[in-house]
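A.B. asks:
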Amino acid sequence: MGSKGGIFRYADGVDKFLLLFGTLGCIGGGLQTPMTMLVLGSLINDYEGGSEHSVPDQVIDKKMIFVSSQQ
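Residue 1 is where the sequence shown starts when you use UniProt numbering, and the numbers rise one by one after that.
Below, the structure is given as structure tokens:
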């Protein structure tokens, strides 16, 4: 199969532009869940520590603002 141009043979500039942004959107959507789990995991680790360790409200607020801005 020696087709010249392959899959992009009939694609114009707009098609390539849309494919690029679609690919970037898929990558961003796929990274959203692992990044959320990373942030929430660190928040849970801050809570673990028993009664001798308390988490200030500022730490919780900062992490929750970061999580809510990701969605």
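Note that beta-carbon positions come from the ideal geometry of N, C-alpha and C, so glycine has one too.
Are Leu40 and Ile60 closer than 8 angstroms when you measure CB to CB?
C.D. replies: Along the sequence shown, read from residue 1 onward, the residue named residue 40 stands at position 40. Along the sequence shown, read from residue 1 onward, the residue named residue 60 stands at position 60. No, they are not a contact pair.
A.B. asks: Measuring straight from C-alpha to C-alpha, what distance separates Leu20 and Asp46?
C.D. replies: To locate residue 20, count along the sequence shown from 1; it is residue 20. To locate residue 46, count along the sequence shown from 1; it is residue 46. Answer to the nearest angstrom: the Cα atoms are 39 angstroms apart.
A.B. asks: In this structure, does DSSP put Asp12 in helix, strand or coil?
C.D. replies: Walking along the sequence shown from the start, residue 12 turns up at place 12. Asp12 falls in the coil class under three-state DSSP.
A.B. asks: Could you check the C-alpha separation between Gln32 and Leu24 for me, to the nearest Å?
C.D. replies: Sequence index remark: in the sequence shown, residue 32 carries index 32 (1-based). Sequence index remark: in the sequence shown, residue 24 carries index 24 (1-based). If I take the Cα positions, the gap works out to 12 angstroms.
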